[in-house]
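Using my numbering, you'd call the opening residue of the sequence shown number 1 and step up by one each time.
We treat Cβ as the ideally placed atom computed from N, Cα and C, and that holds for glycine.
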Amino acid sequence: SMQVFSGGEGMGPSVPNLASLQFVGSAIVTSVYMPDLARFREAVGETPSSNFVYRFSGHVKVVNAGKYTLCTTSDRLSRVFVDFSLLFENKEAGEKTCGNLELQEGLHAVMVDGVHIDGEGEVELTYRGSDTDFEEKSVRSVDSRGPPPPPHSRFLLRVFASNRNLQKFPDVRDVSLLGHAIVPFLSFDGQASSLSQFVPNLPTRNVAWQAFGKFSIYKSGDYKFCSLSSDGSLLYIDSALIIDDDRVQSPKKTCHSLMLVRGLHDVHVNGFRRDGAPVFRLSYEGPDTGGLPSPLNSIAPRAPQLPRPSQWLVRVYRSSQLQQVPSSTAGLELAGEAVVHNIDFQGVEELHKDLPSLPQSEFVLEAFGRLEVGRPGAYTLCVTSKDGSVMELDGRSFIHNDGRHAETQVCNEAVLRSGTHLVKISSFLSGGTFRLRASYKGPDTEEEEENMNSEDAMAF
1 SMQVFSGGEG
11 MGPSVPNLAS
21 LQFVGSAIVT
31 SVYMPDLARF
41 REAVGETPSS
51 NFVYRFSGHV
61 KVVNAGKYTL
71 CTTSDRLSRV
81 FVDFSLLFEN
91 KEAGEKTCGN
101 LELQEGLHAV
111 MVDGVHIDGE
121 GEVELTYRGS
131 DTDFEEKSVR
141 SVDSRGPPPP
151 PHSRFLLRVF
161 ASNRNLQKFP
171 DVRDVSLLGH
181 AIVPFLSFDG
191 QASSLSQFVP
201 NLPTRNVAWQ
211 AFGKFSIYKS
221 GDYKFCSLSS
231 DGSLLYIDSA
241 LIIDDDRVQS
251 PKKTCHSLML
261 VRGLHDVHVN
271 GFRRDGAPVF
281 RLSYEGPDTG
291 GLPSPLNSIA
301 PRAPQLPRPS
311 QWLVRVYRSS
321 QLQQVPSSTA
331 GLELAGEAVV
341 HNIDFQGVEE
351 LHKDLPSLPQ
361 SEFVLEAFGR
371 LEVGRPGAYT
381 LCVTSKDGSV
391 MELDGRSFIH
401 NDGRHAETQV
411 CNEAVLRSGT
421 HLVKISSFLS
431 GGTFRLRASY
441 KGPDTEEEEE
451 NMNSEDAMAF
């Protein structure tokens, strides 16, 4: 089988990723013998006069096992793959280049690809060995099956901004969506091919992003995936985490191998950059790439819906001479209320963004939230505060961190079922610096402490 792809102006001398090209057409031919452009067009009438890529796929039947020599002559670059591994590259224009290998009796997959920039165009594949009485002959294929032409690669990219210094990929409920785009490949170098090409006006700090796609495997086997990222990144294949580089770091390359069967597979990447533009590059290699590194293609940019942003209802009351959290706010003057993403305040100034009428001290704060648990199990819930704080869980007293004190964290453990759990946090400040944070860890957070999210901002 013969396939032709148009590369357009400016195509380089190397064979590009076919998912970045325009498929022109295909044909069944008896041999890889194209002495000129006219022969190409006899097979595929729409073959361009320049800047195109060709690919021939077939299966050779070997009757007598032994050493065989395969050769190509081409006007530019051509490559020969046998049984999904690269045998040789021919970079000599108009010259014959050969490669040797041992072949067992039976069928062997053979593929030839290459580029034509300008001129008449030429490519020929020959071989010699026991089956040819050691005479050089055109390679004959008994089975024309080969990889189908790939569609244009498309990933769905989402980009977020955080108002906090990122140390790892954040919960997307805690950040603001800046925009989304369809991108051909996951390759961002922070400069020419940066995220800002697809989502403009990105901030220079604390950017997070996600990419979703679906890729096709033609030949089952072992595949190696490699990601290069700065700062952190997480790579998931079929929902399984295979590369975890979720940290602030200089550009770092990490690889992982796994067995993949023929068919479609999901890919999902999370990444972030604390300072500067994100850097990321994803490649893979295996039978489908001839063992050569190649950008990963996606045939379908499908992604799950974004979760609802975390929402807490916060109410603040004026009070005086506070020594502990009042048992009731009845009779206290309401200074204001607001809906916030998280209970994570470092200073009164952060509260002022949502509650401009907040006093500098002598106030009581109440926060109402609904913690949604996906995976049941043992969870640790924590409150960090200055001054005192208490937490109620599903209507019962759960954490007591009351009284006037310096910043202190108090935690408690509970076995939580799947579903919604009511969380109420009360705190006060008598003077000085204010601090309040609600966090948790458990099965839903992979046992890492994170800010506690709330599904709804309603009092109860």
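So, is Asp133 buried or exposed, given that buried needs 16 or more other C-beta atoms within 10 angstroms? Along the sequence shown, read from residue 1 onward, the residue named residue 133 stands at position 133. Asp133 should be labelled exposed.
Val383 beta carbon less than 8 Å from that of Ala335: Locating residue 335 in the sequence shown gives position 335, counting from the first residue. Locating residue 383 in the sequence shown gives position 383, counting from the first residue. No; because the gap between Cβ atoms is not below 8 Å, this pair is not in contact.
What does the alpha-carbon distance come out to for the pair Gly286 and Asp222? Translated into positions along the sequence shown, residue 286 becomes position 286. Translated into positions along the sequence shown, residue 222 becomes position 222. Taking the straight line from one Cα to the other gives about 6 Å.
Any alpha helix (DSSP H) of 4 or more consecutive residues that is wholly inside the region 9 to 44: Within the region 9 to 44, the complete alpha helix (DSSP H) runs of at least 4 residues are 37 to 43.
Give every residue of the same chain whose Cβ lies closer than 7 Å to the Cβ of Val32, excluding the five residues on either side of it in the sequence, and list them in chain order. Indexing the sequence shown from 1 puts residue 32 at position 32. If we look at Val32 and ignore the five residues flanking it on each side, its Cβ neighbours are Phe56, Val112, Val123, Glu124, Leu125 and Val139.
Quick check: Met458 and Tyr440, are their CB atoms within less than 8 Å of each other? Working through the sequence shown from its first residue, we reach residue 458 at position 458. Working through the sequence shown from its first residue, we reach residue 440 at position 440. Going by beta carbons, Met458 and Tyr440 fall outside the 8 Å limit.
Inter-residue spacing [alpha-carbon to alpha-carbon] between Leu436 and Ser385: For the purposes of this step, residue 436 is identified with residue 436 of the sequence shown, where counting begins at 1. For the purposes of this step, residue 385 is identified with residue 385 of the sequence shown, where counting begins at 1. Leu436 and Ser385 have their C-alpha atoms spaced approximately 4 Å apart.
Give the C-beta separation of Ser430 and Ser389 to the nearest angstrom, bearing in mind that I take them to be a contact with Cβ-Cβ under 8 Å. For the purposes of this step, residue 430 is identified with residue 430 of the sequence shown, where counting begins at 1. For the purposes of this step, residue 389 is identified with residue 389 of the sequence shown, where counting begins at 1. Wrong, their Cβ atoms sit about 13 Å apart, outside the cutoff.
Tell me which residues share the same chain as Phe23 and place their Cβ nearer than 6 Å to its Cβ, disregarding the 5 neighbours each side in the sequence. Position 23 of the sequence shown, counting from 1, holds the residue named residue 23. So the qualifying residues of the chain are Phe5 and Pro149.
Using the three-state DSSP reduction, which class does Lys96 fall into: helix, strand or coil? As a working note, residue 96 is residue 96 in the sequence shown. Residue state, collapsed to three classes: strand.
Can you tell me where the beta strand (DSSP E) with Asp222 in it begins and where it stops? On the sequence shown, residue 222 is found 222 positions in, with the first residue counted as 1. Counting along the chain, the beta strand (DSSP E) containing Asp222 begins and ends at Gly221 to Ser230.
Comparing alpha-carbon positions, which option in Phe272, Leu365 and Val53 lies nearest Ser230? Translated into the one-based positions of the sequence shown, residue 230 becomes position 230. It is Phe272.
In terms of residues, what are the limits of the beta strand (DSSP E) holding Asp245? Position 245 of the sequence shown, counting from 1, holds the residue named residue 245. Start and end: Ala240 to Asp245.
Touching or not, the region 180 to 187 and the region 153 to 172, by the rule of three or more beta carbon pairs under 8 Å? At 8 Å Cβ cutoff, the stretches touch.
Kindly list the residues whose CB is nearer than 7 Å to the CB of Asp444, restricted to its own chain and excluding five residues on each side of it in sequence; keep chain order. To locate residue 444, count along the sequence shown from 1; it is residue 444. Correct list, in chain order: Val373, Gly374 and Arg375.
Counting along the chain, where does the beta strand (DSSP E) carrying Asp131 start and finish? Within the sequence shown, numbered from 1, the residue matching residue 131 stands at position 131. Following the DSSP letters along the chain, one finds Asp131 in no beta strand (DSSP E), marked with neither H nor E.
Taking the beta strand (DSSP E) that Glu349 falls in, what are its first and last residues? The residue you call residue 349 lines up with position 349 of the sequence shown. Careful: Glu349 lies outside any beta strand (DSSP E), inside the alpha helix (DSSP H) at Val348 to Asp354.
Range covered by the beta strand (DSSP E) that runs through Ala208: For the purposes of this step, residue 208 is taken as residue 208 along the sequence shown, with counting starting at 1. Per DSSP, the unbroken beta strand (DSSP E) holding Ala208 starts and ends at Arg205 to Ile217.
Euclidean distance between Cα positions of Glu9 and Val15: As a first step, residue 9 is located in the sequence shown; it is residue number 9 there, counting from the start. As a first step, residue 15 is located in the sequence shown; it is residue number 15 there, counting from the start. Taking the Cα positions, Glu9 is about 14 Å away from Val15.
Can you list, in chain order, the residues of its chain whose CB lies under 6 Å from that of Met391, leaving out five sequence neighbours each side? Reading the sequence shown from its first residue, position 391 is the one you call residue 391. So the list reads Val383, Phe398, Ile399 and Ile425, once near-sequence residues are dropped.
Is Asp288 helix, strand or coil when you go by DSSP? Working through the sequence shown from its first residue, we reach residue 288 at position 288. Helix.
Throw me the rounded Cβ distance for the Asp245 and Thr254 pair, which I believe falls under 8 Å. Position 245 of the sequence shown, counted from the start, is the residue given in the question as residue 245. Position 254 of the sequence shown, counted from the start, is the residue given in the question as residue 254. Their Cβ separation, rounded to whole angstroms, is 5 Å, which keeps Asp245 and Thr254 in contact under 8 Å.
If you drop the 5 nearest sequence neighbours on each side, which residues of the same chain put their C-beta closer than 6 Å to that of Val340? Numbered from its first residue, the sequence shown carries residue 340 at position 340. Answer for Val340: Trp312, Val314 and Asp354, listed in chain order.
Taking just the CA atoms, how far does Asp387 sit from Ser357? Start at 1 with the first residue of the sequence shown, and residue 357 comes out as number 357. Start at 1 with the first residue of the sequence shown, and residue 387 comes out as number 387. Spanning the two alpha carbons is a distance of roughly 20 Å.
In the DSSP assignment, what are the bridge partners of Met259? Counting from 1 along the sequence shown, the entry for residue 259 is found at position 259. Answer by DSSP bridge pairing, in chain order: Asp222.
By alpha-carbon positions, which one of Val29, Gly114 and Phe434 ends up nearest to Glu407? Along the sequence shown, one-based indexing puts residue 407 at 407. When Val29, Gly114 and Phe434 are compared, the shortest CA-CA separation from Glu407 is found for Phe434.
Beta-carbon proximity list for Val63, same chain, < 6 Å, skipping 5 on both sides: What you label residue 63 is simply residue 63 of the sequence shown in a count that begins at 1. These residues qualify, in order along the chain: Asp131.
Arg173 by DSSP, collapsed to three states: which one? Walking along the sequence shown from the start, residue 173 turns up at place 173. It is helical.
DSSP on Asp444, reduced to helix/strand/coil? Numbered from its first residue, the sequence shown carries residue 444 at position 444. Helix.
Cys71 beta carbon less than 8 Å from that of Thr30: In the sequence shown, counting from the first residue as 1, residue 30 sits at position 30. In the sequence shown, counting from the first residue as 1, residue 71 sits at position 71. The Cβ atoms of Thr30 and Cys71 do not sit closer than 8 Å to each other.
Bridge-paired residues (DSSP) for Gly374: In the sequence shown, residue 374 corresponds to position 374, counting from 1. In the DSSP assignment, no residue is bridged to Gly374.
For the region 71 to 91 and the region 140 to 147, state whether three or more C-beta atom pairs, one from each stretch, are separated by less than 8 Å. Verdict: no, contact absent.
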